[in-house]
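Worksheet: one structure, shown below.
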Amino acid sequence: MAIELDTTQLYDARIRVVGVGGGGGNAIRTMITRGLEGVEFVAANTDHQALMSNPAGIKIQLGKNVTRGLGAGANPDVGRRAVEESIDDVRDALAGSDMVFVTAGMGGGTGTGAAPVIARVGREVGAVVVGIVTRPFAYESKRRSQYAESGIKELREHVDALIIIPNQKLLSVVGKETSFVDALGIVDGVLYNATKGIADIISGVGYVNVDFADVRTVMSGMGDALMGIGMARGEHRALEAATNALNSPILEGMSIYGAQGLLVNITGGHSLTMHEVSEAVTAIEKAAGDEVNLIHGIVLDERMEDEIAITVVATGFRRQEELKVVATPGPKITIVAPPKDEEVPVIALPSEQPRPTPDIYQPAAEVSQDNLDVPAIVRRQQAATQQEQQPAVVPPAKEQRAAMGGGFGGQQQSSYPAPGRQAQVGGGRGSNEPSFLRKIMD
Numbered sequence: 302m303a304i305e306l307d308t309t310q311l312y313d314a315r316i317r318v319v320g321v322g323g324g325g326g327n328a329i330r331t332m333i334t335r336g337l338e339g340v341e342f343v344a345a346n347t348d349h350q351a352l353m354s355n356p357a358g359i360k361i362q363l364g365k366n367v368t369r370g371l372g373a374g375a376n377p378d379v380g381r382r383a384v385e386e387s388i389d390d391v392r393d394a395l396a397g398s399d400m401v402f403v404t405a406g407m408g409g410g411t412g413t414g415a416a417p418v419i420a421r422v423g424r425e426v427g428a429v430v431v432g433i434v435t436r437p438f439a440y441e442s443k444r445r446s447q448y449a450e451s452g453i454k455e456l457r458e459h460v461d462a463l464i465i466i467p468n469q470k471l472l473s474v475v476g477k478e479t480s481f482v483d484a485l486g487i488v489d490g491v492l493y494n495a496t497k498g499i500a501d502i503i504s505g506v507g508y509v510n511v512d513f514a515d516v517r518t519v520m521s522g523m524g525d526a527l528m529g530i531g532m533a534r535g536e537h538r539a540l541e542a543a544t545n546a547l548n549s550p551i552l553e554g555m556s557i558y559g560a561q562g563l564l565v566n567i568t569g570g571h572s573l574t575m576h577e578v579s580e581a582v583t584a585i586e587k588a589a590g591d592e593v594n595l596i597h598g599i600v601l602d603e604r605m606e607d608e609i610a611i612t613v614v615a616t617g618f619r620r621q622e623e624l625k626v627v628a629t630p631g632p633k634i635t636i637v638a639p640p641k642d643e644e645v646p647v648i649a650l651p652s653e654q655p656r657p658t659p660d661i662y663q664p665a666a667e668v669s670q671d672n673l674d675v676p677a678i679v680r681r682q683q684a685a686t687q688q689e690q691q692p693a694v695v696p697p698a699k700e701q702r703a704a705m706g707g708g709f710g711g712q713q714q715s716s717y718p719a720p721g722r723q724a725q726v727g728g729g730r731g732s733n734e735p736s737f738l739r740k741i742m743d
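Right under this line is the structure:
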């Protein structure tokens, strides 16, 4: 009995690359020109003229009524309203996708405002969404940089993985004589390599490729990602290419150590050996740590000749940081006590504590200048006799001030409660000094 295999439900993973705005449109133009295979290209723009000149197979004009085809005017709010107007066209273009790349230059109007919305739609149709965007050059306006950061923050909430390429860092590998057009071409080339490095692994183009389900595991919900690209030729080309990828300028000096997932794409000619593949993958895995989930693919390209190119995409950094935050607050709070709490009872100032009320009313303030010739013992006896005969009532403020000669600098005129008077330092000498000395001695 013959067994037939039903292949009607079998299909390759559908990968779509959406270039949003002018920067994203230029990026997919470069990808198409360089012959990126296994993906479908979608151009989405508010600028009708730029959109019509793009070679992408699918074109979406965003916000026909909002912008009338004239662009977003560098205003992300206009870009957002434009894509919301054309949301049905975006959903139709992305329907059935397994993976969606959203690429844009952040800081402008269309890319910054529309990219997060398009990424959200990609997630809604069930695709794994990877954002690959650029930050503006340092010489661009401060407002553009602020727009870019706001757009990146919003985009981060709607993608499974986000790769951010800092344009300014790419200047470190560009010579001073490099033309403006060539420099921008280098930026587009990095976007191309980032997309190609992932797409080749799952599109069947590579000599060694992997299941899309494995890639979904590594990429889904992983947050911020890092990408490095390295190339080398010669005797130790594999190890050098791996080292160059780990030290790529676009990594901004960051390490891939602690990443939860790694996608490694190795491209070389037919002279590429098994030993070189093993050497490169081992070095990269060691740099990331033993717990990383590493997936690698190999692409054989005759045009590479003696050269090897390695693309590394590390994912899972944001999730790892969230786990650290959840795990550490308890011990910090229950074990480590703030130093301030321990010092409070030791450094309390006397002036901050309520002063005790003297047991005996200060007699010195009641002595008249006319009685100085009376012996001290007689004066004390007379004062004691007068105090026993008087009721224990606090004299009115006016009489007390007259009897005490205006002690405390006239502060008895205040209508605030007595604690305000007790808190003063350096008031009437006859009333404050004994209680202060008594507290020190206690």
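302 is the number of the first residue of the sequence shown in this note's numbering; add one for each residue after it.
Beta carbons are placed, not taken as given, at the ideal position from N, Cα and C, and that holds for glycine.
Residue j beta carbon less than 8 Å from that of residue i
i           : j           : result
residue 321 : residue 416 : yes
residue 369 : residue 418 : no
residue 609 : residue 569 : yes
residue 493 : residue 335 : yes
residue 599 : residue 508 : yes
residue 573 : residue 557 : no
residue 581 : residue 543 : yes
residue 566 : residue 518 : no
Three-way DSSP call (helix, strand, coil) for residue i in this model
i           : result
residue 437 : coil
residue 545 : helix
residue 557 : coil
residue 397 : coil
residue 523 : coil
residue 426 : coil
residue 369 : coil
residue 707 : Confidence is the limiting factor: at residue 707 the pLDDT is only 43, short of 50, which leaves the residue's position unreliable, though a coordinate-based value still follows. Coil at residue 707, not helix or strand.
residue 417 : helix
residue 291 : There is no way to answer for residue 291, as the model of the chain reaches only from 302 to 743.
residue 337 : coil
residue 495 : helix
residue 327 : helix
residue 745 : Outside the displayed span of the chain (302 to 743) sits residue 745, for which this structure offers no information.
Own chain residues within Cβ distance below 6 Å of residue i, not counting five before or after
i           : result
residue 476 : none
residue 423 : 395, 401 and 430
residue 469 : 438 and 439
residue 337 : 497
residue 325 : 404, 405 and 412
residue 328 : 320, 404, 489 and 492
residue 388 : none
Spatial distance of residue i from residue j (CA atoms)
i           : j           : result
residue 465 : residue 411 : 17 Å
residue 521 : residue 395 : 17 Å
residue 594 : residue 372 : 43 Å
residue 367 : residue 384 : 9 Å
residue 531 : residue 589 : 16 Å
residue 516 : residue 499 : 9 Å
residue 392 : residue 364 : 14 Å
residue 624 : residue 617 : Any reading at residue 624 must be qualified, since the residue scores a pLDDT of 32, below 50, and its modelled position is unreliable; no value is offered.
residue 473 : residue 551 : 10 Å
residue 563 : residue 527 : 10 Å
residue 537 : residue 454 : 41 Å
residue 354 : residue 535 : 41 Å
residue 442 : residue 375 : 12 Å
residue 390 : residue 359 : 11 Å
residue 446 : residue 452 : 10 Å
residue 575 : residue 549 : 24 Å
residue 361 : residue 512 : 31 Å
residue 463 : residue 587 : 23 Å
residue 434 : residue 345 : 15 Å
Own chain residues within Cβ distance below 7 Å of residue i, not counting five before or after
i           : result
residue 420 : 403, 430, 432, 456, 459 and 460
residue 449 : 407, 408, 413, 436 and 437
residue 487 : 471 and 475
residue 356 : 330 and 333
residue 351 : 323 and 326
residue 545 : 531, 532 and 533
residue 484 : 475
Residue i classed as buried or exposed, judged by whether at least 16 other C-beta atoms fall within 10 angstroms
i           : result
residue 342 : buried
residue 539 : buried
residue 428 : buried
residue 579 : exposed
residue 480 : exposed
residue 592 : exposed
residue 378 : exposed
residue 482 : exposed
residue 425 : exposed
residue 577 : buried
Cut-off 8 Å between Cβ atoms - residues of its own chain near residue i, not counting five sequence neighbours on either side
i           : result
residue 315 : 341, 397, 398, 399 and 400
residue 386 : 363, 364, 365, 366 and 367
residue 607 : 534, 535, 538, 570 and 572
residue 349 : 362, 370 and 371
Chain C contact for residue i (CB, 8 Å cutoff)
i           : result
residue 391 : Looking at the structure shown, chain C is missing, and only one protein chain is on hand.
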